[in-house]
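Since the structure comes first, as structure tokens, the remarks are kept for the end.
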Amino acid sequence: MKKTRLVLQRLWQMVPVLLAISIITFFLAQAIPGDPVRLIVGPRAPQSVIDAVRAQYGLDEPVYIQYFVYMGNLFQGDWGQSIAFRVPVLGLIGSRLIPTLWLMAGGLVLSTLVALVLSIVAARRPDRLVDQGVRLFATVGLGMPVFWLGLVLSTVFAVQLGWLPASGFGDSPIDHVRHLILPWVTTLVVMAPILIRNLRATLIERSDADFVLTERSKGLAEGPIFRQHVLPNSLLSNISLLGIVAVYILGISVVVEPIFAIPGVGQLYLNSIIARDYFVIQGLTLVFALLTMLCTLAADLLTLAVDPRVG
Amino acid sequence: MAGSSSVPPVHPLIAARLTRRQVLRGIVIAGSVPPLSAILAACSGEDEGGGGSGTPSTPPEEIVRGGVLKIATPYAVSTLDPIKSVAAGDIEVLGQLYSRLTRRGPDGKEILPGLAESWEPSADELTWTFTLREAAFSDGSPVTADDVVFSYLRLRDQEDSAYGGAFQVIEDIVALDPKTVQFTLTGPAAPFLGSTEQFNAGIVPKAVVESMGDEEFAKMPVTSGAWAVQEWRPNEILILTANTNYWREGLPFLDGYEVIEVLRDPTRVSMLEAGEADVARDVPWAQVEQFKTREDMIVPLDPSSVIYVVLLNNQDPVLSSPDVRKAMTMAIDRDGITQAVTFGNAVTANSLIPNTVDYYDPEATPYPYDPEQAKALIEAAGATGAQIEFLTTDIDDQATILVQDQLKAVGLEVTVNQVDVGGWWDSVVNGNYGAAVTWWYNEVPDPDPAVRWALCGTCGNSSFYTFYDNPEIDRLTEDALHETDPAAREELYHEIQRIALEDAGQIPMWYQPYSNVYRSWVHDLRMNPAIQWNMDEAWMDP
């Protein structure tokens, strides 16, 4: 009951946020200097042709009118036309969403698993060599430029060793996995540190918490204390972080996808901004915003489900 | 006037064998579809005149059929309708999808029969009659005169026909019978015959376009060229298969080819090295040098019509002075920059039009490199310390940095402003810039569009938005368009090039070949200066 109400409430709260984002994006995108039509038909095309094509897309109208027309169409399920590719935006985004969701899901699961193992190992022996190593990895990973890391991985494992593909998404689920291993590893190296730093700190802090001292004084062994009390307790407070990491992965898809030529929405987002493909920018911004809010909602629901104290 | 003059040096192959009249009539090579061996023989003339193609042609018995060739390119495909775009990625593909009335020989210049097996101009060259060959579209329906009329009318008249300028000279076009088309021109137009080969003059099926509508046709068209569209995923991949109805018998050799859009240079290079692409377009020069030494790569360096220039905004208070512009030309070590940026793969430009277009003047000479005199000129013009803003899309652009340094050395203050491509065009078109290192290319061998784009002040693009305007050039441009005598036409274009260099409205930098790289299993593939592959003649090892 309570959960349903919470979900409905949160979903309802998304409406004004999405509306505000749609307005800001629409006017911002059109405020950037540059004409999508000149780029698409080619700079050599005469002005008369550019004007004619602008009119076909309604770009000759004032921006606020364009916005109302756009929103009107959007409520009827029409996301507009891509100016750069002259196809409907919804279909273009739809076909690109799958690879990005694969990238996000795999990246999140792998980052979480690696972060979990490394944090536990490090927190059990704070300041020892293992811990130092994990902390070093976390620091280096956080500072690692994604495009550089991706390039290095691709050069070594795809070009030199030929173990994995350098580009694309493949045609079957197994093929998808093969194509996504390098992008996942790239994501993992830069994303796991965010989780590690928080989880490790929480684990160490909770290891000295009052309830742990009580348990120690009762004579409980360190192993069970850690497994049954410290770990679950620390994980709970880090669940909300998973939502944030998922959103981060979505964000760096704009960088990761072009490196590995993955035909996802991240790559499309980048290209649409370069091409000033207004309605694709608009559609993708809404999709990204929606995904972001859904990820945080999912993390909150997960917390709600497993933590008896919240609710 | 025709025949009274010598044949211009730009047609060495033709000059050797044919009279101009024979070339115009297209009678020598006309007839039925040439046999395969003749096609291959026709492809083998490439080393004449230093064409410099890296792929020798192959005896027919050695050619292997089949395979799908993959190209990784940074250029986006935005439409599959031949008239809707003049952007690089589209030009490259549209020319492969649609056959035109004529086609170009391996040198990119010689005009050969295409869908028309022959043609005949009237004595005044105002009426041209084309006879079509037996040919079919990719759906099997025959190519008729009605289709040709329809294709040319939409090319000339449709308001969103992106590059219809060359076809406005067509006053009337009629189908005399199902296999004969007659064009009537508004006046003499030297580029007309060549324009029938232009990438956007491809023949489309009237019935299909009319029933599908433009929008749907542009996504999944019926074609007349060597390739049919299997699937197009915009911004990702265009998958083409051999058109079994293609009129050039026995071609293409490949089962298909794919155009994969990959924006980032390093990713295209990785794909090529990993064998995920057979051809990479626009490989950075540093890597080209590396690939030259490798056995498993081919670096053809086919000549392009790409010309690098420094645009100067002639409306800028400082750059409006011809002396300052002259001084800037003299201040820049054009040879040195060309060598440094392209690793010696380009030649320094001596004119302001591409060196692969007709009537390019190899004797044209810009002001020489002389920093001392440049400094003196700048001082005399009172421009020492004047500020010039260079516009660039890449703050690390080597040429811009070198030019900046050399201009500083003669007393100018140069700042660099970085914007993205969309912003760049916006600033340039509106004249909100000082100078910019950039490049352009010509889609056809005829110099008319090149001059209208880059040097003519009243032809719609304000001399590539330098706002340089010399009425003499504007007049010569129109004269040259209507001059049908090649020798006289050559003189007019040489005069235009001479005046443009003297006025220093912009600075010529270099002519560079295509920096495409192929895997060693790709054979007989070339790209001509008009950005057209001979993909129908290419083949791969199994």
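Those sequence lines, one after another, are chains A and B. The opening position of the first sequence corresponds to residue 0 in numbering that gives the first Met the number 0, with each subsequent residue numbered one higher. The opening position of the second sequence corresponds to residue 0 in numbering that gives the first Met the number 0, with each subsequent residue numbered one higher. We put the CB at the ideal spot given by N, CA and C, even for glycine. Please read all numbers here as calculations on a predicted model, not as lab measurements.
Item to check | Rounded straight-line distance, which links the Cα of B/L131 to that of B/P141 | outcome: Counted from its first residue, the second sequence places residue 141 of chain B at position 142. Counted from its first residue, the second sequence places residue 131 of chain B at position 132. About 11 Å.
Checklist entry - What are the boundary residues of the alpha helix (DSSP H) that B/G164 is part of? => result Translated into the one-based positions of the second sequence, residue 164 of chain B becomes position 165. For B/G164, there is no enclosing alpha helix (DSSP H), as DSSP marks it with neither H nor E.
Item to check | Selection of the stretch 33–49 of chain A by Cβ proximity to chain B, strictly under 8 Å | outcome: Those would be G33, D34, P35, R37, L38, I39, V40, G41, P42, R43, A44, P45, Q46, S47, V48, in chain order.
Checklist entry - Buried or exposed: which applies to A/V68, given that a residue is buried once 16 or more other Cβ atoms fall within 10 Å of its Cβ? => result For the purposes of this step, residue 68 of chain A is taken as residue 69 along the first sequence, with counting starting at 1. Label assigned to A/V68: exposed.
Next on the checklist: So the candidates are B/I169, B/E119, B/D277, B/F136; which of them puts its Cα closest to the Cα of B/A225?
Outcome noted: For the purposes of this step, residue 225 of chain B is taken as residue 226 along the second sequence, with counting starting at 1. In this structure, B/F136 is the residue among B/I169, B/E119, B/D277, B/F136 with its C-alpha nearest to the C-alpha of B/A225.
Next on the checklist: In this structure, how does DSSP classify B/Q181 when only helix, strand and coil are distinguished?
Outcome noted: For this step, residue 181 of chain B is matched to residue 182 along the second sequence. Here DSSP, grouped into helix, strand and coil, assigns B/Q181 to strand.
Item to check | Where the stretch 149–163 of chain A meets chain B: residues whose CB sits under 7 Å from a CB there | outcome: Listed by position, the residues of the stretch 149–163 of chain A near chain B (Cβ gap below 7 Å) are L150, S153, T154, A157, V158, G161.
Checklist entry - Quick one: is B/N234 near chain C, going by C-beta distance under 7 Å? => result No chain C appears in this structure, whose protein chains are A and B.
Item to check | Backbone CA spacing between A/T302 and A/V286 [nearest angstrom] | outcome: Locating residue 302 of chain A in the first sequence gives position 303, counting from the first residue. Locating residue 286 of chain A in the first sequence gives position 287, counting from the first residue. The alpha-carbon of A/T302 is positioned some 24 Å away from that of A/V286.
Checklist entry - How about the stretch 78–95 of chain A and the stretch 265–279 of chain A: do they share at least three Cβ pairs that are nearer than 8 Å? => result Between the stretch 78–95 of chain A and the stretch 265–279 of chain A, the count of C-beta pairs closer than 8 Å reaches three or more; the two stretches touch.
Next on the checklist: Quick check on B/S508 - is its C-beta less than 7 Å from some C-beta in chain A?
Outcome noted: Position 509 of the second sequence, counted from the start, is the residue given in the question as residue 508 of chain B. First, the residue type needs correcting, since residue 508 of chain B is Met and not Ser in the sequence shown. For B/M508, the answer is no, since every Cβ of chain A falls outside 7 Å of its Cβ.
Item to check | With 16 other Cβ atoms within 10 Å as the buried cut-off, status of A/L7 | outcome: Position 8 of the first sequence, counted from the start, is the residue given in the question as residue 7 of chain A. Here A/L7 is exposed: its Cβ has fewer than 16 other Cβ atoms, across all protein chains shown, within 10 Å.
Checklist entry - Are the stretch 24–34 of chain A and the stretch 57–75 of chain B in contact at 8 Å, needing three or more beta carbon pairs? => result By the Cβ test, the stretch 24–34 of chain A is not in contact with the stretch 57–75 of chain B, since fewer than three Cβ pairs between them sit closer than 8 Å.
Next on the checklist: Let me check one thing: in DSSP terms, what residues is B/H522 bridge-paired to?
Outcome noted: The residue labelled residue 522 of chain B in the question sits at position 523 within the second sequence. Beta-bridge pairing links B/H522 to B/W538.
Checklist entry - Going straight from the alpha carbon of A/I22 to that of B/V309, what length do you get? => result Here residue 22 of chain A refers to the residue found at position 23 when the first sequence is read from its first residue. Here residue 309 of chain B refers to the residue found at position 310 when the second sequence is read from its first residue. When only Cα atoms are considered, A/I22 and B/V309 end up about 40 Å apart.
Item to check | N- and C-terminal bounds of the beta strand (DSSP E) containing B/N416 | outcome: The residue labelled residue 416 of chain B in the question sits at position 417 within the second sequence. In this chain, the beta strand (DSSP E) harbouring B/N416 covers 412–417.
Next on the checklist: Residues in the same chain with beta-carbon distance under 8 Å from A/L293, minus the five sequence neighbours each way, listed in chain order, please.
Outcome noted: The residue you call residue 293 of chain A lines up with position 294 of the first sequence. Here the set comprises nothing.
Checklist entry - Using a beta-carbon distance below 7 Å, is A/R275 in contact with chain B? => result For the purposes of this step, residue 275 of chain A is taken as the residue at position 276 of the first sequence. Yes, its Cβ sits closer than 7 Å to a Cβ of chain B.
Item to check | Proximal chain A residues relative to B/P565, where beta-carbon distance stays under 8 Å | outcome: Nothing about residue 565 of chain B can be read from this structure; chain B reaches only from 0 to 541.
Item to check | Rounded separation between A/L241 and A/I195 - CA only | outcome: For the purposes of this step, residue 241 of chain A is taken as residue 242 along the first sequence, with counting starting at 1. For the purposes of this step, residue 195 of chain A is taken as residue 196 along the first sequence, with counting starting at 1. In a straight line, the C-alpha of A/L241 is about 11 Å away from that of A/I195.
Next on the checklist: If I follow the unbroken alpha helix (DSSP H) through B/K69, where does it start and stop?
Outcome noted: In the second sequence, the residue the question calls residue 69 of chain B occupies position 70. Segment 67–72 is the beta strand (DSSP E) holding B/K69; no alpha helix (DSSP H) there.
Checklist entry - Thinking just about the alpha-carbon of each residue, which of B/N429, B/D445, B/Y464 is nearest to the one in B/W438? => result Here residue 438 of chain B is taken as the residue at index 439 of the second sequence, counted from 1. Nearest Cα to B/W438 within the set B/N429, B/D445, B/Y464: B/Y464.
Checklist entry - Is A/L181 closer than 7 Å to A/L163 when the C-beta atoms are compared? => result On the first sequence, residue 163 of chain A is found 164 positions in, with the first residue counted as 1. On the first sequence, residue 181 of chain A is found 182 positions in, with the first residue counted as 1. A contact, by the Cβ cut-off of 7 Å.
Checklist entry - Hey, does A/R134 have any beta-carbon neighbour from chain B nearer than 7 Å? => result Position 135 of the first sequence, counting from 1, holds the residue named residue 134 of chain A. Judged by the 7 Å Cβ criterion, A/R134 is not in contact with chain B.
Item to check | B/R293 - DSSP class collapsed to helix/strand/coil | outcome: Residue mapping note: residue 293 of chain B aligns to position 294 of the second sequence, counting from 1. Look at B/R293 here: in three-state DSSP terms it is coil, with no helix or strand label.
Next on the checklist: With H, G and I counted as helix, E and B as strand and the rest as coil, what does DSSP make of B/A529?
Outcome noted: The residue you call residue 529 of chain B lines up with position 530 of the second sequence. In the displayed model, B/A529 falls within coil according to three-state DSSP, outside both helix and strand.
Next on the checklist: I'd like to confirm the pairing. Which residues does DSSP put opposite B/R103 in its beta bridges?
Outcome noted: Counting from one through the second sequence, the residue named residue 103 of chain B turns up at place 104. B/I110.
Checklist entry - With a cut-off of 8 Å, do at least 3 Cβ pairs link the stretch 87–101 of chain B to the stretch 282–297 of chain B? => result Contact check between the stretch 87–101 of chain B and the stretch 282–297 of chain B: fewer than three CB pairs, one atom from each, fall below 8 Å, which does not count as touching.
Checklist entry - With distances taken between CB atoms, is the gap from A/G167 to A/H178 smaller than 7 Å? => result The residue given as residue 167 of chain A occupies position 168 in the first sequence. The residue given as residue 178 of chain A occupies position 179 in the first sequence. A contact, by the Cβ cut-off of 7 Å.
Checklist entry - Counting only beta-carbon atoms, is B/D447 nearer than 7 Å to chain A? => result As a first step, residue 447 of chain B is located in the second sequence; it is residue number 448 there, counting from the start. By this cut-off, B/D447 is not an interface position.
Checklist entry - So B/E371 is in the alpha helix (DSSP H); what residue range does that whole segment cover? => result Indexing the second sequence from 1 puts residue 371 of chain B at position 372. Run containing B/E371: 370–379, per the alpha helix (DSSP H) assignment.
Checklist entry - Just the Cα atoms here: how many angstroms apart are B/G44 and B/P105? => result Locating residue 44 of chain B in the second sequence gives position 45, counting from the first residue. Locating residue 105 of chain B in the second sequence gives position 106, counting from the first residue. Residue placement at B/G44 cannot be trusted, given a pLDDT of 37 that sits under 50; what the coordinates show is reported in the next sentence. Taking the straight line from one Cα to the other gives about 7 Å.
Item to check | Residues that DSSP places opposite B/F389 in a beta bridge | outcome: Residue numbering aside, residue 389 of chain B sits at position 390 when the second sequence is read from its first letter. Answer is B/V415, B/A434, bridged to B/F389.
Next on the checklist: So within the stretch 187–238 of chain A, which uninterrupted alpha helix (DSSP H) runs reach at least 4 residues, ignoring any that extend past its ends?
Outcome noted: Counting only runs that start and end inside the stretch 187–238 of chain A, the alpha helix (DSSP H) elements of at least 4 residues fall at 209–217, 230–235.
Item to check | Contact with chain B by A/L109, beta-carbon distance below 7 Å | outcome: Reading the first sequence from its first residue, position 110 is the one you call residue 109 of chain A. Output row for A/L109: interface = no.
Checklist entry - DSSP three-state call for A/M315: helix, strand or coil? => result The question about residue 315 of chain A has no answer, for chain A in this structure spans 0 to 310.
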